[in-house]
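Numbering (this note's numbering), first residue to last: 102 to 695. No residue lacks a Cβ here, since even glycine has one placed at the ideal position from N, Cα and C. Only one structure is covered here, and it is reproduced in the block below.
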Amino acid sequence: MPAQQPGQRRLAAIVVADVEGYSRLMGRDEAGTLAALRTVRRDVVDPRVAAFGGRLVKTTGDGLLLEFASAVDAVRAVVDLQTAMAAHNAHLSQERRIVFRIGVNLGDILIEGDDVFGDGVNVAARLEAIAPAGGLCLAGRVHDEVRDRLDLAFEDGGAQNLKNIARPVHVWRWSPQGAIAAPARPAAVEPSEMARAIAGKPSAAVLPFRNLSGDAGQDYFADGVTEEIITALARFHELRVAARSSSFAFKESALDIREIARQLGVQYVLAGSIRRAANRIRVTAELTNAENGLQVWTDRYDRDLADIFDLQDDIGRTVAAVVEPAVRGAEIERARRKPTGSLSAYDLYLRALPHMWAATREEIPRATALLRQSLAHDPESAPTLAALAWCLFMAPVAGVGPLRESWTEALELARRAVERDGADAFAQAIYAQVMSGLADQHDQARLHAEEAVRLNPSLPFAWGALGYADNRSGDFARGVESLELAVRLGPSDGFLYFWLTGLAAAHFALGRHDEGIGWARKAVQRHPGFGTAHRLLAANLVLAGRLDEAREVTRRRDAVQRTTLSELRALRLFHPDEVMKRYLAAQRACGLEE
C-alpha cells in the first residue's frame, strides 16, 4: 500500500479485530495466552494480511487494526482468517481457543504517521463489538461491494444504532459453519477452506514438505520452506490457497492426496521433500490435480545453504512462480474442454490468455473478443480489465488498429483495473507497463511497478514491468537486473519472450551488442512471431558489425509483417532520444524505409 503524507485522507476498508474473552484467557494463563496470540499472528493473521494486500496499522493488546485498499480483499482476508482460526482451534480445548470478533467498514480515514483515524475507523470498532464470535459484522457499504463478488451467505442485521455514531448503520453478519465447535481430529477439517470463497477460481493446498535428511532437527527447515511457499502462492489473486493451519493438520497423515484435497476443499495439492547433505539442499516438489489424480508439474531445486531465511524465501518464491502458471495451464485446458454455451466470465478469461500471450496480428483480435465477452459477464473483474488493457497496448505493436485510440483505451482500462482492485499485483503491473509506453509517465509507471513487486515478488510480470519502466526512463542497467529476475522466475511464463526482448533492448542501449544478440535470439526462439524481437536482433547485429546477418533477419521478418520507420518511430521503443536515433539508424541500415 503506497505511503501517504501526514494529514491526507483516503477511502479505505478498515478491519478491527478483537479476541473474545481476552480478560478471562489472561486471568487463567497470561504467559500461555500471549504465546498463543504470537503464534496466531505469525501463522494465521500476518500471512493473510500480506496475501490480500493489507496493512497492519497497529495492535492493541487483544485487538488488531488493519487497512485494505479494497473492500473485497478485506472480506476475503478476514473470511479466510476466521476459517483458518476454526481449523486452528479444532484440536484445542475450549478454554485455550483464541476466537476473534471482526468488524469491517468502508469509509474515509485520516492518515497521521503510520496510524489512521476518523469515522471509518470508529464505525469498524463499533461493528466489531456486535460481531458474532468467530465471525464478521460488515457495514452496508462493504456488503454492497462484496455481495455480487463473493459466494458467501450474509445475515441481514438491519439498521443499528451504534454507540457514538450519529447515523444508524445497516449491518450484515457472517459466521463460518462450525467455527467454534469444530471437530477434534485433523481428518475432520471441513472441506470448505477456499473453494467456496470465490466461485470459479482454482484452489490449492501445500502439504508440509517431508524432511528426508535423516535428522529430525531439520524438520524446522522443511516447515519453513512450506510456509514460504504458502505465503508466496497466496499473493496470486487468481489462486485460492488453503491456510497453513489447515495444511499442517495433515503433516503426519497417511491419507491419500485425493482425500486430503476433498477434506480441504481444494483442486490442486503441492507436496514435496527436502534433503540436506552438508551445505547443500535439494528440494523436490510435485503438483497433483486432485480431481483426476494426474501429475500437473514436478521439478527439483538444488541450492547452497547460506543464510537460512534467504534460502527459504528464495525457494518459496521460485516454486510459487512456477506452480501458479502450472495451475493456470491446467485451468486453461479445463476451460477449453467446456461446452461453449456454459462458459463463465472466468472461463472466457482463461480461454483468452494463450491468444493474449501470442500478441500477433492474428491472435490479438481473438484475445480481445474473448476478454470483451468476459467483461460483459463481469464488468468489474480487475484481471480481465488488465488483460484487455495489455492486448490493446500490444495491438499497434502487432500491426492491429490505430495506435492513439488503442493506447488511450488501454490506459483507461488499466486505470479501472487498479481502481477496482489496487491489491492485484497483475493489474498494477499492467498499468505500469501501459504507462511506461507514454513519454511523460515513466515515474508513475515505476511507482506502480514497484507496488506490483511489493504485492507479489513471485510474479514475473511485476519484475518485467519494473524492468521496462527503467528501460523507458533510460536506466538500462537497473532494467537488466529486474528483467533477468523476471526471466529466472518465469521460465515457463507466457510473457517470457517479452522479458527476453526487454533484455535485448537494454543491452542494445548499453552498447553490449553481443549480449543483446544472445537475448534477442532467445526471444525469437521463444516467440518467432514477435516482430520487436526480430527488430532488436537486427539492430544489435548491425552495431556488432554483422550487417549481412542483420539484413537477412529483417528480410525474413518483413516477409511476415512489413514495418516502416514511421511506425517504429510512433511506437518509440526507446524514450532517450540518442538511443532511439541509434535504433532507427540501425533499422535504416537493414533496408527499412519511411
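Please classify residue i as buried or exposed, where buried requires at least 16 other C-beta atoms within 10 Å of its C-beta.
{"i": "Ser667", "result": "exposed"}
{"i": "Leu395", "result": "exposed"}
{"i": "Asp525", "result": "buried"}
{"i": "Ala296", "result": "With a pLDDT of 30 at Ala296, under the threshold of 50, the modelled position of that residue is not reliable, and the figure given next carries that caveat. The residue in question, Ala296, is buried, as its Cβ has 16 or more Cβ neighbours within 10 Å."}
{"i": "Ala450", "result": "Per the sequence shown, the amino acid found at residue 450 is Tyr instead of Ala. Classification for Tyr450: buried."}
{"i": "Ala660", "result": "exposed"}
{"i": "Gly623", "result": "Note that residue 623 is Lys in the sequence shown, not Gly. Under this definition Lys623 is a buried residue."}
{"i": "Thr161", "result": "exposed"}
{"i": "Thr469", "result": "buried"}
{"i": "Pro103", "result": "Here the model assigns Pro103 a pLDDT of 47, short of 50, so the residue's position is not dependable and the matter cannot be decided."}
{"i": "Leu193", "result": "exposed"}
{"i": "Tyr321", "result": "exposed"}
{"i": "Gly133", "result": "exposed"}
{"i": "Phe631", "result": "buried"}
{"i": "Gly259", "result": "exposed"}
{"i": "Asp615", "result": "exposed"}
{"i": "Ala639", "result": "buried"}
With DSSP run on the structure shown, which of helix, strand or coil describes residue i?
{"i": "Asp525", "result": "coil"}
{"i": "Ile212", "result": "strand"}
{"i": "Ile199", "result": "coil"}
{"i": "Val270", "result": "strand"}
{"i": "Asp181", "result": "helix"}
{"i": "Ala518", "result": "helix"}
{"i": "Ala298", "result": "Bear in mind that a pLDDT of 32 at Ala298, under 50, signals an unreliable position, so the number given afterwards is only what the model happens to contain. If DSSP states are grouped into helix, strand and coil, Ala298 belongs with coil."}
{"i": "Gln396", "result": "strand"}
{"i": "Ala391", "result": "coil"}
{"i": "Gln660", "result": "It is worth fixing the name first, because residue 660 is Ala in this sequence and not Gln. Looking at Ala660 - three-state DSSP - the assignment turns out to be coil, as it is neither helix nor strand."}
{"i": "Gly219", "result": "coil"}
{"i": "Gln688", "result": "helix"}
{"i": "Ala460", "result": "coil"}
Between the alpha carbons of residue i and residue j, how many angstroms are there, rounded?
{"i": "Leu472", "j": "Tyr447", "result": "10 Å"}
{"i": "Gly595", "j": "Arg516", "result": "23 Å"}
{"i": "Ala587", "j": "Ser593", "result": "11 Å"}
{"i": "His676", "j": "Arg652", "result": "25 Å"}
{"i": "Ala254", "j": "Ala178", "result": "16 Å"}
{"i": "His608", "j": "Ala459", "result": "24 Å"}
{"i": "Asp678", "j": "Arg670", "result": "11 Å"}
{"i": "Ala188", "j": "Gly235", "result": "11 Å"}
{"i": "Ile281", "j": "Ser475", "result": "Because the pLDDT at Ile281 is just 29, under 50, the model does not fix this residue reliably, and the value given afterwards should be weighed accordingly. Taking the straight line from one Cα to the other gives about 39 Å."}
{"i": "Arg658", "j": "Asp571", "result": "28 Å"}
{"i": "Asp163", "j": "Val120", "result": "5 Å"}
{"i": "Arg579", "j": "Arg129", "result": "56 Å"}
{"i": "Asp257", "j": "Glu246", "result": "15 Å"}
{"i": "Asp348", "j": "Arg613", "result": "This sequence places Ser at residue 348; Asp is not what is there. Approximately 48 Å between the Cα atoms of the pair."}
{"i": "Phe577", "j": "Leu611", "result": "7 Å"}
{"i": "Glu551", "j": "Trp508", "result": "22 Å"}
{"i": "Gly155", "j": "Asp147", "result": "9 Å"}
{"i": "Pro284", "j": "Arg110", "result": "Interpretation of Pro284 is limited by its pLDDT of 29, a score under 50 that renders its predicted location unreliable; no figure is taken from the coordinates."}
{"i": "Val222", "j": "Asn262", "result": "16 Å"}
{"i": "Leu454", "j": "Arg505", "result": "24 Å"}
{"i": "Ile115", "j": "Leu207", "result": "6 Å"}
{"i": "Gln688", "j": "Arg589", "result": "30 Å"}
If you measure from the beta carbon of residue i to each beta carbon in chain B, is any gap under 8 Å?
{"i": "Glu256", "result": "No chain B is present in this structure, which holds just one protein chain."}
If you measure between the beta carbons of residue i and residue j, is that distance less than 8 Å?
{"i": "Leu648", "j": "Gly617", "result": "no"}
{"i": "Val180", "j": "Trp273", "result": "no"}
{"i": "Val158", "j": "Leu167", "result": "yes"}
{"i": "Pro277", "j": "Thr184", "result": "yes"}
{"i": "Leu308", "j": "Val370", "result": "yes"}
{"i": "Gln368", "j": "Ala305", "result": "yes"}
{"i": "Asp174", "j": "Phe153", "result": "yes"}
Would you say the beta carbon of residue i comes nearer than 7 Å to a heavy atom of the ligand GDP?
{"i": "Leu444", "result": "As far as ligands go, the structure on display features none, and thus does not contain the ligand GDP."}
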